[in-house]
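Take 1 as the starting number for the sequence shown in the UniProt record's numbering and just add one per residue.
Report on one structure; see the data block that follows.
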Amino acid sequence: MWITSSQLRSGTDILGDVDVSLRTTTHGSAMVRPHPSPEALQQTENRGSMKLHWRVGQQGRKKKIYPILLPRETRTRRALLICNTEFEYLSQREGAEVDVKEMTKLLEGLGYRVDFHENLTSQEMDVVMKDFAGHKDHLTSDSTFLVFMSHGRRTGLCGTKSRDETTDILSLDTIYENFNNKHCKALIGKPKVVIIQSCRGDNSGAVLVSDSAISKMPALSSDSTNAVKQQCRELRLIHLESDFATLYSSTPDTISWRSPVTGSIFIQRLVEQFRSHAFNSDLQELFRKVQRSFEDFPKQLPTQERTTMLRKFYLFPGH
């Protein structure tokens, strides 16, 4: 008679999941099961070790990925989208409405309810951010997107009354301050994705080299304006600023390009990459794919900055 480990298994069976065949012998009326061979025990040990390593590995992977704790039906993801198109002293940002439409469709497809605001001064943008940071829905959300589209300077984003480097400018630091772990406790430990479509200066992002092939460029305009205290009641220390991932449309001091018909190249390519790869790529890999898509457009290159994510963030569209 042959007996397998599945027949012998009990709550504390040392054989685990290993199939070990044991011959049952009879001495008089007593049934005696001989000990497994040394080879079988070694196999059991190895399999048990592999199983332990697998469990540890699974736990390790979970610690490296931002969790989605609630099902889609009860999750309350929200995204903030601010777009300035009309200015008192600067040129109108024609084509920006296309960016708003495409970005809204993308975010809604990823399960975010989009709070949209347009044509705000820097002070009004600050008020809108503070209100959004205090929204109760963040308590039952796992992440947020913060999307800004405007004219810009190196120092920040232009409000609708901006006319030079110093008037009506929203400092980029204000974004991170409003959503840091001190001022937005509902998003502590949750990904905060910042997307910024604006110029950061008036320079071209391209340089001519002797072996370069200059391809035809589409008719474009630009977004250039010239064309830690610890509170006593806290029980533990946490980072003041963490879990941010930021993708700027261009490098410092350079222009971001926009078509009056199809919108900005940055938003176009970002939407394309997210739609194609969000199902199997984490956020920062998506950012790299957006950057790589600009290899054929030397006038502009998106850049990742001020990224403080401690884990990988998968959007899991549809879940």
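Every residue gets a Cβ at the ideal spot worked out from N, C-alpha and C, and that includes glycine.
When we look at the beta-carbon of N280 and count the other beta-carbons within 10 Å, is it buried (16 or more) or exposed?
Around the beta carbon of N280, fewer than 16 other beta carbons lie within 10 angstroms, which makes this residue exposed.
Distance, Cα to Cα, L283 vs F313?
Computed Cα separation, rounded: 5 Å.
Cα-Cα separation between V193 and G201, rounded to whole angstroms
Cα-Cα distance, rounded: 23 Å.
Quick check on DSSP: helix, strand or coil for L125?
Note on identity: in this sequence residue 125 is Met, with Leu being the wrong assignment. Correct three-state label for M125: helix.
Between the alpha carbons of D126 and L120, how many angstroms are there, rounded?
Approximately 9 Å between the Cα atoms of the pair.
I want to know whether the region 111-118 touches the region 70-90 - three or more CB-CB distances under 8 Å.
Contact between the region 111-118 and the region 70-90 is present, because at least three Cβ pairs lie under 8 Å.
Secondary structure of residue 321, DSSP reduced to three states:
The chain is shown from 1 up to 319; residue 321 falls before or after that span and cannot be answered.
Looking only at C-alpha atoms, which of R153, T144 and R236 sits nearest to T253?
For the sequence presented, residue 253 should be read as Asp rather than Thr. Comparing Cα positions, the closest option is R153.
Candidates E165, H183, L157 and R163: closest to S171 by CA position
Taking only the C-alpha atoms, the option nearest S171 is L157.
With the cut-off set at 9 Å, would you say S122 and D173 are in Cβ contact?
Cβ distance not < 9 Å, so S122 and D173 don't count as in contact.
Near R77, what residues of its chain come up, given a Cβ to Cβ distance below 6 Å and the 5 sequence neighbours on each side ignored?
Correct list, in chain order: G111, Y112 and S141.
Please report the Cβ distance between S198 and S150, rounded to the nearest whole angstrom; I am assuming they are in contact, meaning their Cβ atoms lie under 8 Å.
The pair is a contact, with the Cβ atoms about 5 Å apart (cut-off 8 Å).
I believe F145 touches L107 by the beta-carbon criterion, under 8 Å. Please report the beta-carbon distance rounded to the nearest angstrom.
With 8 Å as the limit, F145 and L107 qualify as a contact, their Cβ atoms being about 6 Å apart.
Buried or exposed: T160, going by 16 or more other Cβ atoms within 10 Å of its Cβ?
Answer is buried; the Cβ neighbour count reaches 16.
Residue interval of the alpha helix (DSSP H) (run including G286)
According to the sequence displayed, residue 286 carries Leu and not Gly. Counting along the chain, L286 sits inside the alpha helix (DSSP H) bounded by residues L283 to R292.
Inter-residue Cα distance where the pair is F294 and R236
So the alpha carbons of these two residues sit roughly 43 Å apart.
Enumerated in chain order, which unbroken segments of the beta strand (DSSP E) with a length of 3 residues or greater are wholly contained in the UniProt domain "Caspase family p20" (75-203)?
For secondary structure counted as the beta strand (DSSP E) over 3 or more consecutive residues, the UniProt domain "Caspase family p20" (75-203) holds these complete runs in sequence order: 78-83, 113-118, 144-149, 156-158, 169-171 and 192-197.
Put F297 into one of helix, strand or coil per three-state DSSP.
In the structure shown, F297 sits in coil (DSSP, three-state: anything other than H, G, I, E or B).
For C184 and F274, the rounded distance between their alpha carbons
One C-alpha to the other measures close to 26 Å.
Rounded to a whole number of angstroms, what is the C-alpha to C-alpha distance between P191 and F179?
One C-alpha to the other measures close to 11 Å.
How big is the Cα-Cα spacing for Y89 and I265?
Whole-angstrom Cα-Cα distance: 24 Å.
Which one of Q300, T307 and Q291 has the shortest CA to CA distance from F244?
It is T307 whose Cα lies nearest to the Cα of F244.
To which residues of the same chain is H27 closer than 7 Å at the C-beta, ignoring the five residues directly before and after it?
Its pLDDT being 42, under 50, H27 is placed unreliably in this model, and the coordinates cannot settle the point.
Using a Cβ-Cβ cut-off of 7 Å (strictly less than) and excluding sequence neighbours within five positions of K130, which residues of its own chain qualify?
Contacts found: N178.
When the Cα atoms are used, what is the spatial distance from R163 to S256?
The C-alpha of R163 lies about 19 Å from the C-alpha of S256.
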